[in-house]
Amino acid sequence: MRLTRRAAVAAVGIAALLTASACGGSDDGGSDGGAKKVEVFTWWADGGEKAGLDGLVSAFGTACAGQTFENGAVAGGAGANAKQVLASRLQQNDPPDTFQAHAGAELLDYINAGQIEDISADYDSWGLKQAFPKGLIDNLTVDGKIYSVPANIHRANVVWANTKVVKEAGVTADPKTMDEFFAALDKVKAKGKTPLAVGKDWTQLMLFESVLISDLGAEKFTGLWNGTTPWNDPGVTKGIADFKKLLSYTNPDRDALDWTDAEKLVMDGKAAYQLMGDWEAADLDAKGFKDYAWFTFPGNGTTFQWLADSFVLPKGAKNADGTKCWLKTVGSAEGQKAFNTKKGSIPARTDAAPADYPKYQQAAMADWKSATPVPSCAHGSACSQGWQGAANSALGAYSTKQDDAALQQALTAAAQQFAGKK
Ligand code: GAL
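All residue numbers for the sequence shown refer to my numbering, where the first residue is 163 and numbers rise by one.
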């Protein structure tokens, strides 16, 4: 993503504001009281996300003597703010020592822009080619080279429920189809509560993607992103109609909320359900909320909508040695356990022991083995950042105007502009 000079300056302003406390000391990336700093740039600033990051930081502290972690986190779900700040820093040749990037199309953006280093040789010396599943390695490999270390696998197509609210509404079983879901939402509505909590644009894109998986099936859904399913397909038209109906059950202030605000509606018993990635499991746990249950989005069957957070070595990183130790930690069995037990995700490595993990992740690990994987545009495994931005604004416009034809046209135009572009 390119920013105008003015936008870049504004973004840097935000960065300075948001990372002011993190950057309190010298910011040369060099020595500070003997230890070398590694600035780690993420959007994991709070709750379960911060708990996951803290786990990784403690593994890094053990494995990387002489290096210290510097927190470059910029708050905002799905990197809504962080990605803008990062883009302007990269443009100004001021990269952090490492940053978070989604495996798949999003990572390709940074590779194509020449902003990150090939770390294939480190993969060999750290034994990572054997540690990760072949499918993931294939996903990370571009022209025979690998540029990032995945920390996890997250699942996006999960519905989280407040068990008390659902029970009070008389819903006795998890809905398995869209029709059953609508029936459950009606029951909650009759109790005067918000049936389905949702937040702004990217959270609505997630909800819409889940509906599309139900209406198109896994293969045709994946085809939307690789060019084999046209966006004017009747399944997309049906998906928009179902999505419109779902929106009628949501909180009217949705466009002003981040995912954690929508989650709070569920925790406070004001809403029954929320579609969100499984970072919500970790966040609910971190906030001490226990009365929750989860199920795969109705109609998605055994589809596992995956995404993976990975870390990179940016070109021009000030402390490349320290970054390599961070990356090695991210890929290690210890690092993956310290991170994923707290983050709601499952390890990308195949050698983890499910018994070490909370109940939700144990179920997700079992599902991941047998499920049909599909990618996510809202979280970069399916689409580039440009495409994601276009999809987010199309959904944002739809939230207010609810013009079905305009949404389908905007998504068709976005695919024409971005599909297959390197
Ligand atoms: C995703 C990211 C997750 C989680 C989520 C909400 O893009 O991959 O790890 O942080 O955003 O912020």
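Note that CB positions come from ideal geometry on N, CA and C, so glycine has one too.
Would you say A265 and S538 are within 7 Å of each other, going by their C-beta atoms? The residue you call residue 265 lines up with position 103 of the sequence shown. The residue you call residue 538 lines up with position 376 of the sequence shown. Against a cut-off of 7 Å, the Cβ pair of S538 and A265 comes out as no contact.
Would you give the residue range spanned by the alpha helix (DSSP H) that E279 belongs to? Residue mapping note: residue 279 aligns to position 117 of the sequence shown, counting from 1. Per DSSP, E279 belongs to no alpha helix (DSSP H) and is neither H nor E.
Taking the alpha-carbon of W421 as reference, which of W387, A359, N388, Q467 has the nearest alpha-carbon? Counting from one through the sequence shown, the residue named residue 421 turns up at place 259. Among W387, A359, N388, Q467, the Cα nearest to that of W421 belongs to A359.
DSSP three-state call for Y454: helix, strand or coil? For the purposes of this step, residue 454 is identified with residue 292 of the sequence shown, where counting begins at 1. DSSP places Y454 in strand when its eight states are reduced to three.
Heavy atom of the ligand GAL within 6 Å of E381 beta-carbon: Residue mapping note: residue 381 aligns to position 219 of the sequence shown, counting from 1. Relative to the ligand GAL, even the nearest heavy atom lies 6 Å or more away from the CB of E381.
Can you give me the Cβ contacts of A242 inside the same chain, cut-off strictly under 6 Å, excluding the 5 residues immediately before and after it? The residue you call residue 242 lines up with position 80 of the sequence shown. Counting only Cβ-Cβ distances below 6 Å, and skipping sequence neighbours, we find nothing.
Reduced DSSP secondary structure (H/G/I, E/B, other) of Y435: In the sequence shown, residue 435 corresponds to position 273, counting from 1. Three-state DSSP puts Y435 in a strand.
Runs of 4 residues minimum, wholly inside the region 440-487: which ones carry the alpha helix (DSSP H) assignment? Scanning the region 440-487 from its first residue to its last, the whole alpha helix (DSSP H) runs of 4-plus residues come out as 441-448.
Nearer than 6 Å: is that true of the beta carbon of A240 relative to any heavy atom of the ligand GAL? If you number the sequence shown from 1, residue 240 lands on position 78. Yes; taking the cut-off as 6 Å, the Cβ of A240 has a heavy atom of the ligand GAL nearer than that.
Say yes only if the C-beta of W441 is nearer than 6 Å to one or more non-hydrogen atoms of the ligand GAL, and no if none qualify. Taking the first residue of the sequence shown as 1, we reach residue 441 at position 279. W441 Cβ: within cutoff of the ligand GAL.
Are the CB atoms of V373 and G397 nearer to each other than 7 Å? Here the question's residue 373 lines up with position 211 in the sequence shown. Here the question's residue 397 lines up with position 235 in the sequence shown. For V373 and G397, no; Cβs fall outside 7 Å.
Cβ neighbours of Y519 in the same chain (closer than 8 Å, five flanking residues each side left out): Reading the sequence shown from its first residue, position 357 is the one you call residue 519. Same-chain partners within the cutoff: N502, T503, I508, M527.
Cα separation between D190 and W288? Sequence index remark: in the sequence shown, residue 190 carries index 28 (1-based). Sequence index remark: in the sequence shown, residue 288 carries index 126 (1-based). For D190, the predicted structure reports a pLDDT of 42, less than 50, and the residue's modelled location is therefore unreliable. The matter cannot be settled from this model.
Within the chosen definition, does the region 207-214 reach the region 269-276 through at least 3 CB pairs nearer than 8 Å? Taking 8 Å as the limit for Cβ pairs, the verdict is that the region 269-276 does not touch the region 207-214.
Could you have a look at F203 and say whether DSSP puts it in helix, strand or coil? Numbered from 1 along the sequence shown, position 41 holds the residue referred to as residue 203. For F203, the three-state secondary structure derived from DSSP is strand.
Flag E211 as yes when its Cβ comes closer than 6 Å to any non-hydrogen atom of the ligand GAL, and as no otherwise. One-based indexing of the sequence shown puts residue 211 at position 49. Between the ligand GAL and E211, a heavy atom-to-CB distance of less than 6 Å is present.
In three-state DSSP terms, what is V360? By 1-based counting over the sequence shown, the position of residue 360 is 198. Secondary structure of V360 (DSSP, three-state): coil.
Check each candidate in T230, D208, F580, G548 and name the one with the smallest Cα separation from A448. Residue 448 sits at position 286 when you count from the first residue of the sequence shown. Considering only T230, D208, F580, G548, the residue with the shortest C-alpha distance to A448 is D208.
Using the three-state DSSP reduction, which class does P150 fall into: helix, strand or coil? Nothing can be reported for residue 150: it is not among the residues displayed for the chain, which extend from 163 to 584.
Comparing the CB of D420 with every heavy atom of the ligand GAL, is any distance shorter than 6 Å? For the purposes of this step, residue 420 is identified with residue 258 of the sequence shown, where counting begins at 1. For the ligand GAL, no non-hydrogen atom lies closer than 6 Å to the CB of D420.
Which residue's Cα is closest to the Cα of N413: W387, K362, D453, K296? Working through the sequence shown from its first residue, we reach residue 413 at position 251. Distance check between N413 and each of W387, K362, D453, K296 places K362 closest, using alpha-carbon atoms only.
Would you call the CB atoms of D377 and F457 closer than 7 Å? The count along the sequence shown starts at 1 and reaches residue 377 at position 215. The count along the sequence shown starts at 1 and reaches residue 457 at position 295. Against a cut-off of 7 Å, the Cβ pair of F457 and D377 comes out as no contact.
For S310, which residues does DSSP report across the bridge? Indexing the sequence shown from 1 puts residue 310 at position 148. As computed with DSSP, S310 is found in a beta bridge with V474.
Please name the residue in V200, Y522, T512 whose C-alpha comes closest to that of A312. For the purposes of this step, residue 312 is taken as residue 150 along the sequence shown, with counting starting at 1. For the record, residue 312 in the displayed sequence is Pro; it is not Ala. For P312, the nearest C-alpha among the options comes from T512.
Taking C-beta to C-beta, are W393 and A577 nearer than 7 Å? Taking the sequence shown and counting its residues from 1, one reaches residue 393 at position 231. Taking the sequence shown and counting its residues from 1, one reaches residue 577 at position 415. The Cβ-Cβ distance between W393 and A577 falls below 7 Å.
Out of K505, D395, G484, T390, which has the shortest C-alpha to C-alpha gap to A444? The residue labelled residue 444 in the question sits at position 282 within the sequence shown. The shortest C-alpha separation from A444 is found at K505.
Quick one: grab the DSSP three-state call for W421. Within the sequence shown, residue 421 is the residue found at index 259, counting from 1. In the structure shown, W421 sits in a helix (DSSP, three-state: H, G or I).
So is the beta-carbon of D404 under 6 Å away from any non-hydrogen atom of the ligand GAL? Position 242 of the sequence shown holds residue 404. The answer is no for D404.
Pairing CB atoms from the region 460-472 with CB atoms from the region 314-323, are three or more of them under 8 Å? Touching, per the Cβ criterion.
Would you say D271 touches the ligand GAL, meaning its beta carbon is less than 6 Å from a heavy atom? As a working mapping, residue 271 is identified with position 109 in the sequence shown. No - the ligand GAL has no heavy atom lying nearer than 6 Å to the Cβ of D271.
Measuring from the CB of D518, is there a heavy atom of the ligand GAL at a distance below 6 Å? Taking the first residue of the sequence shown as position 1, residue 518 is located at position 356. No - the ligand GAL has no heavy atom lying nearer than 6 Å to the Cβ of D518.
Is any heavy atom of the ligand GAL found at a distance shorter than 6 Å from the C-beta of D471? Looking up residue 471 in the sequence shown gives position 309. Yes, since a heavy atom of the ligand GAL falls inside the 6 Å radius drawn around the Cβ of D471.
Going by C-alpha distance, which of L427, L557, S220 is nearest K355? Here the question's residue 355 lines up with position 193 in the sequence shown. It is L427.
Can you look up N388 in the DSSP assignment and give me helix, strand or coil? Residue numbering aside, residue 388 sits at position 226 when the sequence shown is read from its first letter. Residue state for N388 is assigned as helix, using DSSP reduced to three classes.
Would you report the Cα separation of L437 and A424, rounded to the nearest angstrom? In the sequence shown, the residue the question calls residue 437 occupies position 275. In the sequence shown, the residue the question calls residue 424 occupies position 262. Each residue's Cα considered, the two are about 10 Å apart.
Spatial distance of Q579 from Q570 (CA atoms): On the sequence shown, position 417 is the one that residue 579 refers to. On the sequence shown, position 408 is the one that residue 570 refers to. As the crow flies, the alpha-carbon of Q579 is around 14 Å from that of Q570.
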